[in-house]
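Asker: Have a look at the structure that comes next, please.
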Amino acid sequence: MLTSKASEYVYLERRRYRTRRIIEALKVLPVLGIVLFGVPLLWSEGVKTSDAMIYFFSVWLALVFAAVWLARRLGAGAVEKSLETDN
Amino acid sequence: MTPLNLLILVCLSYVVLLFLVAFAAERAALRGRGAWMSQPLVYTLSLSVYCTAWTFYGAVGNAARSGLEYLTIYLGPTIVMVGWWWVLRKLVRIGRSQRITSVADLISSRFGKSNLLAVCVTLLAVIGTTPYIALQLQSVTLSFAAFAEAGGLDAPVADSNATAIWVASGLTLFTIVFGTRNLDVNERHYGVVMAIAVEAVVKLCALLAVGIFVVWGVSGGVSETLQRIDASTIGTAEIHGGRWAALTFLSGAAFLCLPRMFQVLVVENEDESHLQTASWAFPVYVMLISLFVIPIAVVGLQTLPEGSNPDLFVLTVPLSQGRDGLAILSFLGGFSSATSMVIVAAIALSTMVSNHIVMPIWVRMTGGGASMSGDVRNVVLLARRLAIAGVVFLGYLYFSLSGGGAALTSIGLVSFAGVVQVLPAMLGGIFWRGATRMGALSGLLIGFLIWLFTLFLPSFAGGVFLPETVVQFGLFGLDWLRPQALFGFEGLDPLVHAVLLSMSINTLVFVLVSLITLPSPLEQLQGAQFVNVYQHSTQQKSWSGGVAQSEDLMVMAQRILGASEAQALFQSAATRQGVSGYLPEPSEEFLAELEREMAGSVGAATAHAMVGQIIGGTPVSVHDLMAVADETAQMKVYSSELEIKSQELARTALQLRNANTKLTQLSVQKDAFLSQISHELRTPMSSIRAFSEILRGVEVLSPQEQVRYASIIQEETIRLTRLLDDLLDLSVLENGQVSLNLSTGSLSDLMDHSVAMARVGRDAAAMQIHRNSADERIWLYTDLDRLNQVFLNLIVNAHKYCDAAEPKLQIIVRQSAQQLTIDFIDNGTGISYENQNLIFEKFSRIGGHKSGGAGLGLAISREILQRLQGDVIYLPGQNGAAFRIRLPESVIGGAARADMSSTD
Amino acid sequence: MVKHVLIIEDEPNIVEALSFILSRDGWAVSLHADGNDAVEAVQRKRPDLVILDVMLPNKSGFDILKDLRDNADTQELPVLMLTARGQNKDRVMAEKLGVSRFMTKPFSNADILSAVQELTLC
């Protein structure tokens, strides 16, 4: 009885821990986007447009995948639940 | 059938389809079968109103001119969406909890429901959006013209005004029909949203179809396309840092601030969790939208004759390849982009105009409140409808006055730059409690003016509003007032220049003014509600005091919310309050709820004003402010108060426990004491009574017996008297009531006196007393009588209790730096270890009653010495009973003075 | 036959008064002043009645009474208890321990005599 309760508690804690990490990742994601989309500012002249396109769309895709992954991990209703822990 | 006629037919069918879709959606929603429409996907697609005709056609044009720069328009929103946790989540939450109806309402509501601010934002939005609507109309007319050209007809070009009128009218009709069906903006426009979602699919499909055709149909594959790109005039990626950063920022900011975006993002949001899906789905959408832009542009540049309008490549490339079907699809895509933008923008603007401009004026004019007549709903709806028509008409007017043409193409970014002036107030409002109304207002106005001067007015070529001389030489001929080099910022791209200056000065002024001005109570209240929206999503306190007439409120609410809705609202509130019938008490919560409900119809400021007119009095008292202004801090204070209170409670409990223990102890002590007193009094009285009865008795007693018994009576009477004296003495000492009679005297004199007194009535030879007179040559400044009492007690005790054959008493005086000790040591058996502590207690007598004392002597001595800052202890291990008196050094202090006075 | 009374009391004046009253009434009186060996004194002297003080040096009257009642040959011995502590709980305590008569000081000589007579009648 006692052990099952304890493990449940640990499980809940872990979930909350996970949720917090996901939220942190969510917060970092746009910063990452800004940095990666800003990279072309450092390019010297003469990069081929096709290469630039491939770079942009790759980053774009990566961001989207990250966002999908995080949204899935956060799960439905997680927004509500995590609100108390946020801020 | 000519392509143009076909086009018109398709176009009309498409419009009919849209009407049907919207109508079906409204019906489904009305019948409660709209669940499938509140899917995250629909929400995501509705966000595509961001992609207007300007982006649909213009992106390719932009790419044809400046290569990859068009991407920035999509990168900004992508970053905002991906970073939804930061801003969008909060905006949506605030929008839902505060029933926000528009950007203007958000800003106004946040800054104390200020209508002035709302009017400013509304005007800014109208000014910023009108050219944009014109741009949509232009794109539709241009695309029509392109078809007409391809069909070999010239007439429609001249007739572009007619096209624009038709389009504008159709859009107005659609928007009025589906945009003002219901009043409460939070009830959402299912029809409109559905139609927009359909249009989003159409424009995506159109662009993808053209793109696929261009890549595989024209170029012959991906790698060939890429080669073609690199071989084209935009084959080298030239990225201008300043423009790149400014445009990305601008598009991201506009994504949040554009009225139509706020409408679909926040107002039409059904469920916060939809954001979670949109956070990746919308970036996917814009990524797909922008995927084929470069290939289309490159193919357009290479295959179409020199001088072709690159803004129409999406349309003209399929047309030139003889793909009329594809071209029509493409046209529908552009048409969709244009119409969806106009519809949503018109709804958003009309809400603002009616809520923040028309309604306040109307309320002021009619007096509002309960005295107003007629159904306010009709007034509001009429205002909205007129506003929609007005907004679209303004767009048309702008279009026709500016004469269309290339001047409009740049207006997209100009419009963005204008609308984003709201950003500092918006972000500051939701993240910074210190932001004030004055700050927001000043920032907004400054930003707006700078934008107007540096970007908007110069954007009209040919000096329509701003003479060429001003652009070249500055306002009033002042060099530093040149619109495109304001304050000497030269060499910047005009757009970057305007965005940088307007945004930074806007923000700076906003922050500075906020810092130096004080927010009103309501502002502070709303600030707390907005910034800490997650902590208290639903509570909203606003009204207090004042006697509200529930009936008046009901009358007003019915007119604004509709009779049945208002009655339901009032009844549920009454039920919650435990009141039967329809009229609840005008409690603070109910008024706040009512105001919120009405805010959904007429905006926060108007609702506030209306309720205020009925309630009367100041809406928020300083007391309220004190209570709610800093809710977070208050919560913290509250919890720490609770903590302190619980600590206090624990402390009090402990104190109570201690007090109780002490009381119990005292009670036990008192019982013991009373029992002792009783014993001490009754014992001598027993003897007295017994012997007095004997003496009074019948038998004849011998004279010796008579004398003896009488003397016993006398002896016991003296004992009783002494006991009472001691008790009184002790009581006085213990209560601290004793006043010390301080005087100076020599220790040896005092000791002489004590010894002499102790020997009264005793055989002087019975006990030897050893003293060292040299040590006793000390001057004391203390209560000498009390000290004598102590000495006497100790010496008498020695006399009484020393059981040695030859009793001796040693009195040893020692003086150290800190204290004076006087030891009284006899040569008797002393006091056993366990009794050493007891002897100082009251009534403790070791070895029976034969001494005749009351057992209070040592207790009294100890009390006396405590009063004299000293003490008396039993000194073990001295081969006899030994007591040590300790007196503080201060007592000896008198010696010096006494010595000096004597030497003088 | 002369009845024998043992007075266990440490207050000399009271002892003197009691012994005067009792001996004048024809009782044989013996004395004991300390609590410590009071029980032994009772067993040794075998009195017909014991007058017992409560507050005795070294051993309280209650303890002595308890020992007397625990002892087979003094179980029935009449014990008249005298106390100067006028509290009711003392009386309750004494009665619980099996005292024959409980009186508070100061006492009337006549009361003492009648009590002693009553207790030694049977």
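Residue numbers (my numbering), protein chains in the order written: chain A, 1 to 87; chain B, 1001 to 1904; chain C, 2001 to 2122. Backbone N, C-alpha and C define an ideal beta-carbon position, used for all residues, glycine too.
Are there 16 or more other CB atoms within 10 angstroms of the CB of V1496/B, so buried, or fewer, so exposed?
Answerer: Mapped onto the second sequence, residue 1496/B falls at position 496. Label assigned to V1496/B: buried.
Asker: Who pairs with F1487/B in a beta bridge, going by DSSP?
Answerer: In the second sequence, residue 1487/B corresponds to position 487, counting from 1. Bridge partners of F1487/B: none, in fact.
Asker: In the region 1493-1535 of chain B, which residue ranges form an unbroken alpha helix (DSSP H) of at least 4 residues, counting only runs that do not cross its ends?
Answerer: 1494-1516 and 1521-1531
Asker: What is the DSSP secondary structure of T1130/B, reduced to helix, strand or coil?
Answerer: Counting from 1 along the second sequence, the entry for residue 1130/B is found at position 130. Correct three-state label for T1130/B: helix.
Asker: CB-CB under 8 Å to V1218/B, same chain, minus the five flanking residues each way: which ones, in chain order?
Answerer: To locate residue 1218/B, count along the second sequence from 1; it is residue 218. Closer than 8 Å at the Cβ level, and outside the excluded window around V1218/B, lie V1299, T1303, V1317 and Q1321.
Asker: Let's see if you can read the secondary structure: which residues bound the alpha helix (DSSP H) around L1045/B?
Answerer: As a position in the second sequence, residue 1045/B is number 45, starting the count at 1. P1040 to S1046 is the span of the alpha helix (DSSP H), which, as asked, contains L1045/B.
Asker: Measuring only the C-alpha atoms, how far is Q1704/B from L2056/C?
Answerer: Here the question's residue 1704/B lines up with position 704 in the second sequence. Here the question's residue 2056/C lines up with position 56 in the third sequence. Q1704/B and L2056/C: Cα-Cα distance of roughly 30 Å.
Asker: Could one say the Cβ of Q2117/C lies closer than 8 Å to chain B's Cβ atoms, at least one of them?
Answerer: On the third sequence, position 117 is the one that residue 2117/C refers to. False, the Cβ-Cβ gap to chain B never drops below 8 Å.
Asker: Going along chain B in order, which residues have a C-beta closer than 7 Å to the C-beta of T49/A?
Answerer: The sequence position of residue 49/A within the first sequence is 49, counting from 1. The answer, in chain order, is G1067, L1068, I1229, D1230, I1234, G1235, T1236, A1237 and I1294.
Asker: So what's I23/A in DSSP terms, helix, strand or just coil?
Answerer: Your numbering for residue 23/A matches position 23 in the first sequence. If DSSP states are grouped into helix, strand and coil, I23/A belongs with the helices.
Asker: Residues in the region 1683-1696 of chain B with C-beta within 9 Å of chain C's C-beta atoms, listed in sequence order?
Answerer: T1683, P1684, M1685, S1686, S1687, I1688, R1689, A1690, F1691, E1693 and I1694
Asker: Taking only beta-carbon positions, decide if S1678/B is within less than 8 Å of chain F.
Answerer: This model lacks chain F altogether; the protein chains it does include are A, B and C.
Asker: Which whole-angstrom value describes the C-beta separation of W1280/B and A71/A, a residue pair presumed to lie in contact below a C-beta threshold of 8 Å?
Answerer: The sequence position of residue 1280/B within the second sequence is 280, counting from 1. The sequence position of residue 71/A within the first sequence is 71, counting from 1. Cβ atoms of W1280/B and A71/A come within 8 Å of each other, at about 6 Å.
Asker: Going by beta-carbon coordinates alone, are G1170/B and I1388/B separated by less than 8 Å?
Answerer: Along the second sequence, one-based indexing puts residue 1170/B at 170. Along the second sequence, one-based indexing puts residue 1388/B at 388. Inclusion of G1170/B and I1388/B in the CB contact set at 8 Å is not warranted, their separation being larger than that value.
Asker: Name, in chain order, the residues that DSSP records as bridge partners for V2029/C.
Answerer: Your numbering for residue 2029/C matches position 29 in the third sequence. Answer is V2005/C, bridged to V2029/C.
Asker: Check the Cβ of R2024/C against every Cβ in chain B and list those closer than 8 Å, keeping chain order.
Answerer: The residue labelled residue 2024/C in the question sits at position 24 within the third sequence. Neighbours of R2024/C on chain B, chain order: E1699.
Asker: Considering only their Cβ atoms, is the gap separating S1743/B from L1787/B smaller than 8 Å?
Answerer: In the second sequence, the residue the question calls residue 1787/B occupies position 787. In the second sequence, the residue the question calls residue 1743/B occupies position 743. Not closer than 8 Å, so no.
Asker: Going by CA-CA distance only, name the one from F1840/B, V1422/B, L1413/B and S1336/B that's closest to S1459/B.
Answerer: Position 459 of the second sequence, counted from the first residue, corresponds to residue 1459/B. Cα-wise, what sits closest to S1459/B is L1413/B.
Asker: In chain order, what residues of the same chain lie with their CB nearer than 7 Å to the CB of V1201/B, ignoring the 5 residues before and after it?
Answerer: As a first step, residue 1201/B is located in the second sequence; it is residue number 201 there, counting from the start. For V1201/B, where only same-chain residues beyond five positions count, the Cβ hits under 7 Å are L1045.
Asker: Would you list the one or two residues that DSSP bridges to T2083/C?
Answerer: As a working mapping, residue 2083/C is identified with position 83 in the third sequence. T2083/C is bridged to T2104/C.
Asker: I'd like the list of long-range same chain contacts for V2029/C, defined as Cβ closer than 7 Å, with 5 residues on each side in sequence excluded.
Answerer: Against the third sequence, residue 2029/C aligns to sequence position 29. Taken in chain order, the residues that qualify are V2005, I2007, S2019, L2022 and S2023.
Asker: Just verifying my parser: in three-state terms, what is the DSSP assignment at W1085/B?
Answerer: Walking along the second sequence from the start, residue 1085/B turns up at place 85. Residue state, collapsed to three classes: coil.
Asker: Between the alpha carbons of W69/A and T1248/B, how many angstroms are there, rounded?
Answerer: Sequence index remark: in the first sequence, residue 69/A carries index 69 (1-based). Sequence index remark: in the second sequence, residue 1248/B carries index 248 (1-based). Distance between the alpha carbons of W69/A and T1248/B is about 25 Å.
Asker: Against Q1577/B, what residues of chain A qualify as contacts under a CB-to-CB distance less than 7 Å, listed in chain order?
Answerer: The residue given as residue 1577/B occupies position 577 in the second sequence. None at all; the shortest Cβ gap to chain A is about 28 Å.
Asker: Does any residue of chain B have a CB that is nearer than 8 Å to the CB of K1999/C?
Answerer: Nothing can be reported for residue 1999/C, as the shown portion of chain C is limited to 2001 through 2122.
Asker: What did DSSP end up calling P1888/B once you bin it into helix, strand or coil?
Answerer: For the purposes of this step, residue 1888/B is taken as the residue at position 888 of the second sequence. In this structure, P1888/B counts as strand in the three-state DSSP scheme.
Asker: Using a beta-carbon distance cut-off of less than 8 Å, what residues from the region 1274-1292 of chain B approach chain A?
Answerer: Cβ proximity to chain A below 8 Å picks out L1275, Q1276, T1277, S1279, W1280, P1283, V1284, M1287 and L1291 from the region 1274-1292 of chain B.
Asker: Would you kindly work out how many angstroms separate the C-alpha atoms of R1596/B and M1365/B, rounded to a whole number?
Answerer: As a position in the second sequence, residue 1596/B is number 596, starting the count at 1. As a position in the second sequence, residue 1365/B is number 365, starting the count at 1. Approximately 23 Å, taken between the alpha carbons.
Asker: In terms of residues, what are the limits of the beta strand (DSSP E) holding R1771/B?
Answerer: In the second sequence, counting from the first residue as 1, residue 1771/B sits at position 771. Note, R1771/B: beta strand (DSSP E), Q1768 to R1771.
Asker: Short check: CB of G1221/B to CB of T49/A, under 8 Å?
Answerer: Taking the second sequence and counting its residues from 1, the one referred to as residue 1221/B is at position 221. Taking the first sequence and counting its residues from 1, the one referred to as residue 49/A is at position 49. No, they are not a contact pair.
Asker: Distance check for T1129/B and G1418/B, CA to CA, integer angstroms please.
Answerer: Taking the first residue of the second sequence as position 1, residue 1418/B is located at position 418. Taking the first residue of the second sequence as position 1, residue 1129/B is located at position 129. About 9 Å.
Asker: Starting from V1813/B, trace the beta strand (DSSP E) in both directions and tell me its first and last residue.
Answerer: Walking along the second sequence from the start, residue 1813/B turns up at place 813. Looking at the DSSP string, the run of the beta strand (DSSP E) that includes V1813/B is K1808 to Q1815.
Asker: Kindly indicate which three-state DSSP category F1144/B falls into: helix, strand or coil?
Answerer: Taking the second sequence and counting its residues from 1, one reaches residue 1144/B at position 144. Note: F1144/B maps to helix in three-state DSSP.
Asker: Can you name, in chain order, every residue of its own chain whose Cβ lies under 6 Å from the Cβ of F1843/B, other than the five neighbours on each side?
Answerer: Indexing the second sequence from 1 puts residue 1843/B at position 843. Once the five neighbours on either side are set aside, the close Cβ partners of F1843/B are Q1676 and G1855.
Asker: Does the contact criterion of 3 or more C-beta pairs under 8 Å hold for the region 1076-1088 of chain B versus the region 1325-1342 of chain B?
Answerer: no
Asker: For chain B, is any of its Cβ atoms less than 8 Å away from the one on A67/A?
Answerer: The count along the first sequence starts at 1 and reaches residue 67/A at position 67. Yes - at least one Cβ of chain B is within 8 Å of the one on A67/A.
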